[in-house]
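Letter by letter, the sequence shown follows residues 3 to 356 of the UniProt record's numbering.
Yeah, the Cβ is synthetic: ideal placement off N, Cα and C, and Gly gets one too.
Please read all numbers here as calculations on a predicted model, not as lab measurements.
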Amino acid sequence: GTTGPARIAVIAGDGIGLEVVPAAIRCIDAVREVHGVELEWRELDWGSDYYRANGRMMPADGLDLLARHDAIFLGAVGDPSIPDTETLWGLLIPIRRRFEQYVNLRPARSLPGIPSVLRRDDPIDLMIVRENSEGEYSEIGGRYGRGLPSEAAMQETVFTRTGIARVARFAADLASTRSGRVTSATKSNGIIHTMPFWDEVVEQTLEGYPAVQLRSILVDALAAALVLRPWTFDVLVASNLLGDILSDLASAVTGSIGVAPSANLNPERKHPSMFEPVHGSAPDIAGKGIANPIGQIWSGAMMLEHLGHPRAAAHLVTAFEASLASGVMTGDLGGTATTEEFVVSVLTNIDALA
Ligand code: NAI
Ligand code: MG
């Protein structure tokens with residue numbers, strides 16, 4: 003919506019985030035040059051080191067600062083010496099909620115040279131649209147009688163008509179540009195209040211899309227089908243919890259967690275959207291220079307697409323696919339390339355494909 007170069011807030015964060023974010027920025031800068039895309043990177047040193055120095059993951063006015071950007075490019079947060087609840091609720095969740103990033107979009111697709119774990123290897127090309135702001139992840143509930151035999155906990159699921167309809171619209175719009183098919187994950191046989199409501203609102207919303215075909219499938223059967231015949235699905239829409247589980251399942255079926263990208267979107271573009279790989283800070287391999295940068299690079303391609311640069315985005319994806327196809331891959335995919343060697347290969351392919 004603004005003029006001039008898009009302003010990108012960069013939070014590399016912790017662990018391998020500090021390695022894969024600079025790697026991805028080099029690749030994005032290379033395609034940007036080819037396509038004349040202007041971006042301004044603003045690097046922020048937030049995360050666990052910042053927490054150790056300041057007692058918080060980001061400054062008190064951190065969200066206001068982020069609000070003045072067009073997108074957020076995040077690596078990962080998480081440190082073995084700090085509770086995950088601090089890192090998650092101190093940075094990631096406040097960003098997703100304040101900026102109404104109600105869609106978590108996760109592609110899961112077969113990539114060249116990466117064998118699927120499945121016996122049959124038909125190409126998989128899924129788009130998982132996870133509701134990212136309500137549903138099962140509510141703060142309503144409580145716990146009492148700690149330590150007693152009568153101890154109890156309860157947590158309420160909250161679905162709103164607005165919340166369901168907007169994520170269903172996003173899925174239908176996306177399907178309109180693809181196969182025209184949407185599969186909705188449900189559990190309305192067992193969860194008798196919220197899930198029938200989800201089904202009704204999804205169905206009513208999709209009535210506005212006569213060219214899009216909707217199928218609702220019980221999530222247990224859907225989980226099985228995603229392992230047995232994932233190539234038969236295209237766009238999946240699911241609540242916060244069901245989408246979280248199905249998207250990890252789908253990325254595991256296609257390959258490694260190191261390649262999976264994600265976008266936390268505010269589709270109205272009233273607020274910045276956030277682009278981050280699915281993986282975490284991987285403390286077990288951090289600092290060794292061997293992390294797979296694909297999840298971060300692919301998230302960068304999703305960001306370019308969101309900012310209105312589909313050709314630069316496609317160029318970036320084609321370049322890392324060409325690296326994989328030529329057998330250059332990091333250890334998690336069974337290869338021997340370091341992060342640096344993989345990036346050099348992607349940069350070479352960006353030039354070659356220009
Ligand atoms: P993780 O994704 O960091 O690592 C899981 C396994 O996958 C590890 O063996 C790791 O070495 C491997 N792996 C992950 N990404 C890789 C890559 N790019 N290249 C090669 N191998 C890769 O998940 P984990 O270990 O459960 O969590 C570690 C920390 O990250 C925790 O503090 C957790 O809370 C945090 N985390 C943060 C997320 C975020 O920032 N959005 C998401 C998930 C976890
Ligand atoms: Mg998850």
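Where residue i falls, given that 16 or more other Cβ within 10 Å makes a residue buried
i, result
"I18", "buried"
"D81", "buried"
"T290", "Correcting the residue type first, residue 290 is Lys in the shown sequence and not Thr. When all chains shown are included, K290 counts as exposed."
"S347", "buried"
"G3", "Low per-residue confidence applies at G3: pLDDT is 47, beneath 50, and the placement is therefore not dependable enough to give any value."
"P114", "exposed"
"M156", "exposed"
"H195", "exposed"
"A354", "exposed"
"L230", "exposed"
"A226", "exposed"
Residues sharing a beta bridge with residue i, DSSP
i, result
"Y104", "In the DSSP output, where bridge partners are listed per residue, Y104 has none listed."
"W43", "I10"
"F75", "V12 and F277"
"T188", "L220"
"T332", "A339"
"Y146", "A154"
"R183", "Q215"
"S264", "E278"
"P109", "M129"
"G137", "V160"
Anticipated Cβ contact below 8 Å, residue i with residue j, distance rounded
i, j, result
"V105", "S186", "14 Å between Cβ atoms; not a contact."
"M59", "T89", "6 Å"
"G15", "R132", "Contact flag wrong, Cβ pair sits at about 21 Å."
"L220", "T188", "6 Å"
"R180", "V255", "Not confirmed; about 19 Å, so no contact."
"V33", "L318", "5 Å"
"W233", "I126", "5 Å"
Boundaries of the alpha helix (DSSP H) in which residue i is found, first to last residue
i, result
"F199", "T196 to L208"
"A162", "The question names Ala, but residue 162 is Thr in the sequence shown. Counting along the chain, T162 falls outside any alpha helix (DSSP H), and DSSP gives it neither H nor E."
"Y52", "S50 to N56"
"E323", "P312 to A327"
"I247", "N242 to T256"
"I116", "Taken as a continuous stretch (DSSP letters only), I116 belongs to no alpha helix (DSSP H), as it is neither H nor E."
"E307", "I296 to H308"
"A356", "That residue, A356, is in no alpha helix (DSSP H); it is neither H nor E in DSSP."
"P82", "Counting along the chain, P82 falls outside any alpha helix (DSSP H), and DSSP gives it neither H nor E."
"L94", "It is not in any alpha helix (DSSP H) - L94 carries neither H nor E in the DSSP assignment."
Boundaries of the beta strand (DSSP E) in which residue i is found, first to last residue
i, result
"F235", "Taken as a continuous stretch (DSSP letters only), F235 belongs to no beta strand (DSSP E), as it is neither H nor E."
"R122", "Note, R122: premise wrong, no beta strand (DSSP E); not H, not E."
Any chain D beta carbon closer than 8 Å to residue i
i, result
"T162", "This model lacks chain D altogether, as it is built from one protein chain only."
message: Quick test of the definition: if touching needs 3 or more C-beta pairs under 8 Å, does the stretch 149 to 168 touch the stretch 82 to 90?
response: The stretch 149 to 168 makes no contact with the stretch 82 to 90: fewer than 3 CB pairs, one atom from each, lie closer than 8 Å.
message: Any contact between the stretch 275 to 283 and the stretch 298 to 316? By contact I mean 3 or more CB pairs, one from each, below 8 Å.
response: yes
Three or more C-beta pairs below 8 Å linking the stretch 21 to 39 and the stretch 299 to 319: yes
message: With three or more C-beta pairs closer than 8 Å as the rule, is the stretch 198 to 212 touching the stretch 160 to 170?
response: yes
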